[in-house]
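Anchor point for the first sequence: position 279 equals 279 in the working numbering, and the numbering is continuous, going up by one each time. Here the structure comes first, spelled out in structure tokens, and everything after it is commentary.
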Amino acid sequence: MDALLAWYDEERRELPWRVAPGKRANPYRVWLSEIMLQQTTVKAVIPYYQRFLHRWPTVKALAAAPLDDVLAAWAGLGYYSRARNLHKCAIAVVEQFGGKFPSTVAELQKLPGIGPYTANAIAAIAFGEAATPVDGNVERVVARLFSVRQPLPTAKTELKRLAATLTPDRRAGDFAQAMMDLGAGICTPRRPSCLVCPVQSDCAAAAHGMAETLPMKLGKAERPNRVGFAFVALSEDGRVLLRRRPEAGLLGGMLEVPGPAWGDELPPRKDALRSAPVRGDWWEVPGTVVHVFTHFRLEVIVFRALVPADASLTFWAEPDRCQWVARRDLHAAALPSVMRKIIAHALSEN
DNA sequence: AAATCGTGGCT
DNA sequence: TAGCCAAGATT
């Protein structure tokens, strides 16, 4: 596998959290990037990473920030429990380790939001430990190198074991990143570029011309549809009514446009309007907002009303969780993408 | 241990 | 277009 490190030295992608080959990166930056990169593309992460690092240059700074500031800065990146755990973890590192990240896989994995992959990634990349982070890229590369026919997710344990046999004692961090670069750019899910692969001569799948068929995967359950209503209340002084979601669960801790709970079937408009958060002249905005989550598809019907600045909220709006946010401040609010879509739809001139 | 948890880009 | 996919963790 020396060819892989040689390839990495030549072709390595420049990324904001990376340092020169052979060097150890700043643990805080590695951790921050790895949390953001969980199930998220490099392209989506880069601007968020830059903003976070600029605003909170150290773990201590992040630990001292209000949670809502962190959630607002994370808005749009998805999987919001990551943001809550990020904040929790920063506090734990400051309180338990004086602001210095621990260096072993075992200690790292005890921290909130750090699982097997991330613990190994930080240990290898930031501390030079001979650890083996196994993500989707590595699973794919290893399945092909060893021609593992067992399907995912069953094969995960075996793929981890095989991956660990490849990790060198020196430059484990570079090796891990090389495997991920290989998976991202050469050993891709579809149409892998075996002809220019630095480890083609070591690859069992390539030898049989079947790289693209591996790894095998079990079928996924289909996505159910859910439907709901959302009430965009605009106050006469230019504010929008928003509500804080519960800490746990979908979009936990984020802000939302008030409305009844989403369901499997659409209730009559008449019933929906009874659950409006404010008394008002509610108008149904033409069209719907469709948003696809990981495990269901949501279709939302949006109502809009212009209400007095001192309008009182109804009991079922859960007034304690509600707040009026000026339209000019929405960009900096802890609003997930689906809620931004709903607000944009309500404000579109139709 | 199977379900839950976002979003945007690509084919 | 509709599915697939991305540097997974938590319960």
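Note that the Cβ used here is the ideal one computed from N, Cα and C, for glycine as well. Owing to the predicted nature of the structure, the values given are computational and were not obtained by experimental measurement.
Between residue i and residue j, which are expected to be in contact by the criterion C-beta below 8 Å, what is the C-beta distance as a whole number of angstroms?
i              : j             : result
arginine 55    : leucine 67    : Contact doesn't hold; Cβ gap of about 14 Å is too wide.
valine 290     : glutamate 299 : 5 Å
alanine 233    : glycine 280   : 7 Å
leucine 5      : arginine 171  : 6 Å
isoleucine 122 : glutamate 34  : 6 Å
isoleucine 264 : arginine 12   : Going by the sequence as given, residue 264 is aspartate instead of isoleucine. With 8 Å as the limit, aspartate 264 and arginine 12 do not qualify as a contact, their Cβ atoms being about 49 Å apart.
arginine 327   : arginine 269  : Their Cβ separation, rounded to whole angstroms, is 26 Å, which puts arginine 327 and arginine 269 out of contact at 8 Å.
alanine 25     : alanine 126   : 5 Å
Name the residue from the options whose alpha carbon lies nearest to the alpha carbon of residue i.
i                 : options                           : result
proline 215       : Cys322, Leu255, Leu86 and Val138  : Val138
phenylalanine 229 : Thr165, Ala272, Val42 and Ala131  : Ala272
alanine 143       : Asp310, Leu250, Asp202 and Tyr79  : Asp202
alanine 305       : Val290, Val289, Pro319 and Pro277 : Pro277
glycine 167       : Thr157, Gln150, Ser147 and Glu129 : Note on residue identity: the sequence assigns threonine, not glycine, to residue 167. Answer by Cα proximity: Glu129.
alanine 184       : Val141, Ala164 and Pro153         : Val141
arginine 243      : Pro308, Asp264 and Ala317         : Ala317
lysine 23         : Thr213, Asp174 and Arg161         : Asp174
tyrosine 274      : Gly249, Phe315 and Leu250         : Just to set this straight, residue 274 is arginine in the shown sequence, not tyrosine. Checking every option, the nearest Cα to that of arginine 274 belongs to Phe315.
aspartate 237     : Ala311, Pro198 and Gln177         : Ala311
aspartate 2       : Ala178, Ala326, Asn26 and Arg340  : Ala178
alanine 344       : Ile301, Ala309 and Arg321         : Ile301
leucine 313       : Leu250, Leu241 and Asp329         : Leu241
proline 267       : Phe231, Val227 and Pro246         : Val227
aspartate 169     : Leu195, Phe303 and Ala131         : Ala131
Using DSSP with H/G/I as helix, E/B as strand and the rest coil, what is residue i?
i                 : result
tryptophan 324    : strand
asparagine 137    : helix
serine 193        : coil
tryptophan 56     : coil
lysine 100        : coil
lysine 110        : coil
lysine 217        : strand
isoleucine 186    : coil
leucine 162       : helix
glutamate 14      : coil
valine 289        : strand
tryptophan 283    : strand
leucine 313       : strand
phenylalanine 127 : helix
phenylalanine 175 : helix
alanine 65        : coil
alanine 248       : coil
alanine 20        : coil
proline 348       : In the sequence as presented, proline is not what sits at residue 348; that position holds serine. Residue state, collapsed to three classes: coil.
glutamate 222     : coil
valine 148        : coil
leucine 335       : coil
serine 235        : strand
leucine 77        : coil
leucine 266       : coil
valine 257        : coil
How would you call residue i, buried or exposed, if buried means at least 16 neighbouring beta carbons within 10 angstroms?
i             : result
aspartate 135 : buried
histidine 331 : exposed
arginine 29   : buried
glycine 253   : buried
Residue i: beta carbon under 7 Å from a heavy atom of the ligand COA?
i          : result
serine 147 : In the structure on display, the ligand COA does not appear, and there are no ligands present to speak of.
- Cβ pair count under 8 Å reaching 3, the stretch 212-226 against the stretch 282-296: Because the criterion of three Cβ pairs below 8 Å is met, the stretch 212-226 and the stretch 282-296 touch.
- Query: When the Cβ atoms of the stretch 204-211 are set against those of the stretch 256-273, are three or more pairs found closer than 8 Å?
  - Reply: no
- Task: Evaluate the contact criterion for the stretch 329-340 versus the stretch 75-82: three or more CB pairs, one atom per stretch, below 8 Å.
- Result: Segments in contact, yes.
- the stretch 44-54 / the stretch 100-109 touching (three or more Cβ pairs under 8 Å): no
- Do the stretch 144-155 and the stretch 51-65 make contact, defined as three or more Cβ pairs closer than 8 Å? no
- Task: Could you tell me whether the stretch 114-121 touches the stretch 94-102, using the rule of 3 or more Cβ pairs below 8 Å?
- Result: no
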